[in-house]
Structure formats: structure tokens, C-alpha cells
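Residue numbers (our numbering): 79 to 471. A virtual CB, placed ideally from N, CA and C, is assigned to each residue, including glycine. What follows is a single structure, written as C-alpha cells, with notes after it.
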């Protein structure tokens, strides 16, 4: 029988007071699908750390690809004197994809033993810094200065992606098509920034924020112009978010959310929004509906009400002398499980509502993982594509 997770009330309350009114797209999406997922993913401090285990096999392809383009664009790697041919550019992608993947991936069990209070702080520790320096010695570009640990159940990873060699070959086969799509739409890389963190005050004490994959400054026609900061963004810019694969789970509202954050923060509004499908090397474009701004305001008001009610309820329990409760006893928490909403919830496999609804933890269901592997083979082909330096732009 699965034991229902228990949470520690005092540190949970501290987390909520500090960050619950900072709203990102992921938090908004979580709370719309299942408020309990939102709490578990961001604020709950579990009595048993294994109740909040992280498994990143599904997310790691997009994480690695986006990091490659963040460095390639923001550090203007393509303008280096040694980048004299496409072959040199693809060689840079190949080398750094392998080394960065090795840098950021950890065995599933290591999330409980890393020498930091939270995995995201690990790169700041001496151990984390030494790990980065070791990769520099192996050839990792010095522009890679940070990473977020990705935890792999390697059996599940292999069932989805094949072994590590095949996985890396497949990633490297994607870069030429991604660069082609930038050329097709005349998106000059000097006019672009990648992985830009933006935030804005929606109400007093309430922030909305997010990390935007790509911003393209359409209206700057200055000769030899190079976009250096988001502060130089012009109106009618193009906002792009990269996805390893544009699946049924991808929501265009994510693009609307990012555009709203930028609009409130900088008073600039986009001419176009787009998802970039890493796997297929194409764009899916959308127009920005200005009505979304007020729709988001209404949603944020509801979130703030839930935050205030939950904080007050937890505070009352603490005043009554309680320190640990079951997750189902959290004040005001609603459990609305679904296969989509539960996919990345840290409580998947132990959440009482999800178990009752028959929601499966796909990372532990090898039959489902094999279906994912078959889908990957259908997408990429049974044999990985050859070296990317054979592809011409």
C-alpha cells in the first residue's frame, strides 16, 4: 500500500509567504490543472523527501537544446573568428551538447544526496563548481557557467531515448534544421537574445515572471546592430518559445503569458508569437489577443485569494500546535488529477487523489515508456541521422 505523503507545516508556510505571489507560467498552468500540484511543485516541504522526487527524462532534450542556443546566440559564438564554416559551427554544437549533457545529468537517487539545500543551488557549491571546471578541461566552452541538475531514471531514459550515444546523435541531428528555419524567416541572430528572464508587477505585492526562450528585435535596422539587453527591445518584436516537440500538451496561452509580462514591464507588444518545434525545425505562429491581459488579471486575483486562504489555514494549524499533516489535509487544497495535469507533479505515484483516479506514474511504467520509445523512433527513424556537418544550410 502506498503511504500518503506528509508535509512539514512551518517551512511550508515560510516558503508560501516568501514566493506564493510570484507567478510564473508553470505555476499558473499547474494551478489551473490541479492546485495541489501547484503546492507540491513549489511550496510543500515533505517529511519524507522521496515524496517529492524529480525525474527529468521527458524534459532533458529541450533543456539541453535550449541551453545550446542560449550560449550560441547570447555569447555570439557564430561571430568568433574560428567559426569559418558550418562544419565548425556544428562541431561546436556536437562537442558542447555532449559535455553539457554530462554536466547537468545525475542519477535519480543523487537528488537526495547533493551537497546543497535544494538541487538548484548545487552549482553554487564547491562540489558543483569543481564539476564545471572538470568539464572545461574536457573542452566545454567557458561560456557555460551555470546549469540546473537533471535527474535521470536511466532505465526510463533508455526506454524513451535509447542509450546516451543515440540520444546525443539525435540531438545533434536537429541543429542544422533549427538554424535553417532562422535563415528561412530572415531572423538575423545579431538581432536576437535567448533565455531572457522578465518580471512585472501585476498588482501591489504580486509579480508575474518567466524565462523567454527567444526575442527578436524586428524594427531595428541599424547597420551592424547587435542586441545586447532586453532594454533595447522595440515594439512589434517576435517572441519565440522552443519545444522539443509541439504535442497536444503545449498551450499557446504560454506565449500570451510571456507577452503580457513583457508588455507590462516594458510597454512593448509583439507583432507575432511562435513555438519553435526543435524536432521538426519549424515554427507555429500565433497572434497576440490583447483581451488576454484582462483574462490573466482575473486569474491572478483568484490565485491571490487561494494563497491568502491557504496561508491563513496553515497558520491556524500551527497555532493549534500541529507541525506535520497529511497532504490531503492541507487547508483549501483542491485535488483535480488528470493524466496531463499529473505528468510532472512531484507527488505522482503517491498522491491519494491521483491513485484513486487511476493516474499512472509513467516513469515507472515501462510499457508506457516503450510506447514513448516507439514514438521517438517513428519521429527520428530507427537509425539516428548521420553527422550534422553533412547538412548544408
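Residue i to residue j span [Cα, whole Å]
i	j	result
residue 428	residue 296	48 Å
residue 219	residue 387	48 Å
residue 97	residue 403	21 Å
residue 155	residue 172	14 Å
residue 233	residue 343	44 Å
residue 260	residue 253	11 Å
residue 289	residue 271	12 Å
residue 202	residue 196	11 Å
residue 452	residue 229	Low per-residue confidence applies at residue 452: pLDDT is 44, beneath 50, and the placement is therefore not dependable enough to give any value.
residue 392	residue 87	7 Å
residue 103	residue 269	25 Å
residue 250	residue 338	34 Å
residue 141	residue 309	25 Å
residue 189	residue 245	22 Å
residue 307	residue 266	16 Å
residue 390	residue 437	31 Å
residue 358	residue 256	8 Å
residue 311	residue 151	16 Å
residue 236	residue 183	14 Å
residue 194	residue 178	20 Å
residue 208	residue 377	44 Å
residue 303	residue 397	60 Å
residue 305	residue 161	20 Å
residue 166	residue 146	15 Å
residue 163	residue 81	58 Å
residue 198	residue 227	7 Å
residue 329	residue 107	9 Å
residue 23	residue 83	Because the chain in this structure spans residues 79 to 471, residue 23 falls outside the shown range and cannot be described.
residue 315	residue 360	19 Å
residue 240	residue 433	29 Å
residue 408	residue 394	11 Å
residue 300	residue 122	50 Å
residue 327	residue 211	37 Å
Under 8 Å between C-beta atoms of residue i and residue j
i	j	result
residue 222	residue 149	yes
residue 291	residue 320	yes
residue 335	residue 352	no
residue 85	residue 381	no
residue 385	residue 94	yes
residue 273	residue 144	yes
residue 242	residue 99	no
residue 125	residue 413	no
residue 192	residue 186	no
Nearest neighbour of residue i, chosen from the options [CA to CA]
i	options	result
residue 90	400, 160 and 432	400
residue 263	159, 294 and 250	294
residue 132	231, 93 and 434	231
residue 258	356, 371, 432 and 125	356
residue 350	183, 396, 125 and 313	313
residue 379	199, 164 and 281	281
residue 216	83, 283, 185 and 175	175
residue 331	374, 315 and 354	374
Inter-residue CB distance, residue i and residue j (contact presumed, cutoff 8 Å)
i	j	result
residue 430	residue 410	Not quite, the Cβ-Cβ distance comes to about 17 Å (not below 8 Å), so this is no contact.
residue 419	residue 111	3 Å
residue 213	residue 180	7 Å
residue 348	residue 317	5 Å
Checklist entry - Taking three-plus beta-carbon pairs below 8 Å as touching, is the segment 102–120 in contact with the segment 405–425? => result yes
Checklist entry - Does the segment 270–279 touch the segment 334–349, meaning 3 or more C-beta pairs lie closer than 8 Å? => result Yes: the two stretches touch, three or more of their Cβ pairs being nearer than 8 Å.
Next on the checklist: Whether or not the segment 321–338 and the segment 135–144 are in contact is what I'm after, with contact meaning three or more pairs of Cβ atoms, one per stretch, closer than 8 Å; do they touch?
Outcome noted: yes
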